[in-house]
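Asker:
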Amino acid sequence: MSPRVRRSSGGTGTEMARLHEQAQLLALGDSALVIELPPGIDEGTNSAVHALARWIAINLRVGIIETVPAYHTLTVFYDPCTYGFDELKSLLADIDFSDITLQLEPRLVFIPVCYDLSLAPDLPLLAEHCGLPIEQVVALHAGATYRVFFLGFKPGFAYLGGLDARLHMPRKASPRALVPAGAVAIGGEQTGVYPQASPGGWQIIGRTPSRLFDVSKEPPCLLQTGDQVNFRAISLQEFLAQDGSTQGGSPQGAS
């Protein structure tokens, strides 16, 4: 089964002016500027970051090489032959935040996940850490709607916010040398899916047969910043029927 995608209605933001007052504009080398909003994993702040990225893409096309959004920061890479830092800082500082809308129509992406213990080596440890039965841990994880705050670490790796506080668990003290592609994991107050086999220190609680990164597709990343994500629990039989593999490090297939 391929991941299912549909559109869901987005909300509007009302705190852009407040965020403007708290924003800091910092130099990063000689060709990048960082717009820093109040720190934290917060949907409203992250929405503002992406709204600023959209505004810059529309209004400052010349001389802007790339914008890179994160949880509460937006890094703006620029051509130093077009802008000096002080010039770009002044330009961005004069943006009327009240004219920037947070209105979005985020995609809702459904991703199948198998929570069978053969694919979830850290699920019993997570249940013990949280003081909950495994069945409730699975229900809580699969029952939430998550937000893609940003992509990083590996191509296609989406940092997902919205994890139930009862499931928060620190990363491992010693990372694994190899985490299989498709591993669904928890790290602190975030959850995510490893798109390729790689080292990793998050707690593995399941696996998806879906490909999170596929160079043959456009765009190659299944998830995009601002997307909403729902995990759908499937059985081990369903996982195997969808071209999943129980071998650590093997690529997971989904057409």
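Reading the sequence shown from the start, the letters are residues 13 to 267 in our numbering.
Glycine included, C-beta positions come from ideal geometry on N, C-alpha and C.
(1) Return helix, strand or coil for Cys-142, following the three-state DSSP convention.
(2) Can you tell me whether Gly-168 is helix, strand or coil according to DSSP?
(3) In the DSSP output, which residue or residues are listed as bridge partners for Glu-78?
(4) From the DSSP output, in three-state form, read off Glu-117 for me.
(5) Any idea which residues DSSP pairs Val-46 with across the strands?
(6) So the alpha helix (DSSP H) Ser-97 belongs to, where does it begin and stop?
(7) Measure the CB-CB distance between Pro-118 and Asp-239 and report whether it falls below 7 Å.
(8) Per DSSP, which one or two residues make a beta bridge with Ser-210?
(9) Let me know the secondary structure DSSP gives Val-196 once reduced to three states.
(10) Of the residues Tyr-158, Leu-179, Val-125, Pro-167, which one's Cα is nearest the Cα of Leu-144?
(11) Where Ile-217 and Gly-56 are concerned, what is the direct C-alpha to C-alpha distance, given to the nearest angstrom?
(12) At the level of alpha carbons, what is the spacing between Thr-203 and Gly-173?
(13) Is the separation between the beta-carbon of Gln-215 and that of Ala-193 shorter than 7 Å?
(14) When every heavy atom of the ligand MN is checked, does at least one fall within less than 6 Å of the C-beta of Leu-104?
(15) Out of Phe-122, Phe-97, Leu-248, Leu-137, which one is the CA nearest neighbour of Val-160?
(16) Here's a check: name, in chain order, each residue in its chain whose Cβ is nearer than 7 Å to the Cβ of Ile-68, leaving out the five neighbours to either side.
(17) Any Cβ of chain C within less than 7 Å of the Cβ of Ala-151?
(18) Work out the CA separation of His-62 and Ser-247 for me, nearest whole Å.
(19) List the DSSP bridge partners of Gly-218.
(20) Would you tell me roughly how many angstroms separate the C-alpha atoms of Arg-66 and Pro-50, rounded to the nearest one?
(21) Count the other CB atoms within 10 Å of the CB of Val-74; is the residue buried (16 or more) or exposed (fewer)?
(22) Please name the residue in Ile-53, Pro-81, Leu-131 whose C-alpha comes closest to that of Arg-219.
(23) Our contact map puts Leu-104 next to Leu-37 with C-beta atoms below 8 Å; I'd like the distance itself, whole angstroms only.
Answerer: Reading off the structure:
(1) By one-based count along the sequence shown, residue 142 stands at place 130. Residue state, collapsed to three classes: helix.
(2) In the sequence shown, residue 168 corresponds to position 156, counting from 1. It is coil, neither helix nor strand.
(3) One-based indexing of the sequence shown puts residue 78 at position 66. For Glu-78, which the question treats as bridged, DSSP gives the partners Phe-89.
(4) Position 105 of the sequence shown, counted from the first residue, corresponds to residue 117. It is coil, neither helix nor strand.
(5) Taking the first residue of the sequence shown as position 1, residue 46 is located at position 34. The partner list for Val-46 (beta bridge, DSSP) reads Leu-38, Thr-87.
(6) One-based indexing of the sequence shown puts residue 97 at position 85. Just to set this straight, residue 97 is Phe in the shown sequence, not Ser. Unbroken alpha helix (DSSP H) run through Phe-97: 97-105.
(7) Looking up residue 118 in the sequence shown gives position 106. Looking up residue 239 in the sequence shown gives position 227. Cβ atoms of Pro-118 and Asp-239: closer than 7 Å.
(8) Locating residue 210 in the sequence shown gives position 198, where the first residue counts as 1. Beta-bridge pairing links Ser-210 to Val-191.
(9) Position 184 of the sequence shown holds residue 196. Of the three classes helix, strand and coil, the one that applies to Val-196 here is strand, per DSSP.
(10) As a position in the sequence shown, residue 144 is number 132, starting the count at 1. Out of Tyr-158, Leu-179, Val-125, Pro-167, Leu-179 has the C-alpha closest to the C-alpha of Leu-144.
(11) Indexing the sequence shown from 1 puts residue 217 at position 205. Indexing the sequence shown from 1 puts residue 56 at position 44. Going by the C-alpha atoms only, they are around 28 Å apart.
(12) Mapped onto the sequence shown, residue 203 falls at position 191. Mapped onto the sequence shown, residue 173 falls at position 161. Those two C-alpha atoms are separated by around 7 Å.
(13) As a first step, residue 215 is located in the sequence shown; it is residue number 203 there, counting from the start. As a first step, residue 193 is located in the sequence shown; it is residue number 181 there, counting from the start. It is not a contact, given that the beta carbons lie outside the stated cut-off.
(14) The model depicted lacks the ligand MN and carries no ligand whatsoever.
(15) Counted from its first residue, the sequence shown places residue 160 at position 148. Nearest of Phe-122, Phe-97, Leu-248, Leu-137 to Val-160, Cα basis: Phe-122.
(16) As a working mapping, residue 68 is identified with position 56 in the sequence shown. Contacts found: Ile-76, Thr-79, Val-88.
(17) Structure shown: chain C not included; a single protein chain is present.
(18) Position 235 of the sequence shown holds residue 247. Position 50 of the sequence shown holds residue 62. Looking at the two C-alpha atoms, the distance is approximately 36 Å.
(19) Here residue 218 refers to the residue found at position 206 of the sequence shown. Beta-bridge pairing links Gly-218 to Val-196.
(20) Looking up residue 66 in the sequence shown gives position 54. Looking up residue 50 in the sequence shown gives position 38. Their Cα atoms are separated by approximately 19 Å.
(21) As a working mapping, residue 74 is identified with position 62 in the sequence shown. Under this definition Val-74 is an exposed residue.
(22) Stepping through the sequence shown from its first residue, residue 219 is reached at position 207. For the residues Ile-53, Pro-81, Leu-131, the minimum Cα distance to Arg-219 belongs to Leu-131.
(23) For the purposes of this step, residue 104 is taken as residue 92 along the sequence shown, with counting starting at 1. For the purposes of this step, residue 37 is taken as residue 25 along the sequence shown, with counting starting at 1. Indeed they touch by this definition, with Cβ atoms about 6 Å apart.
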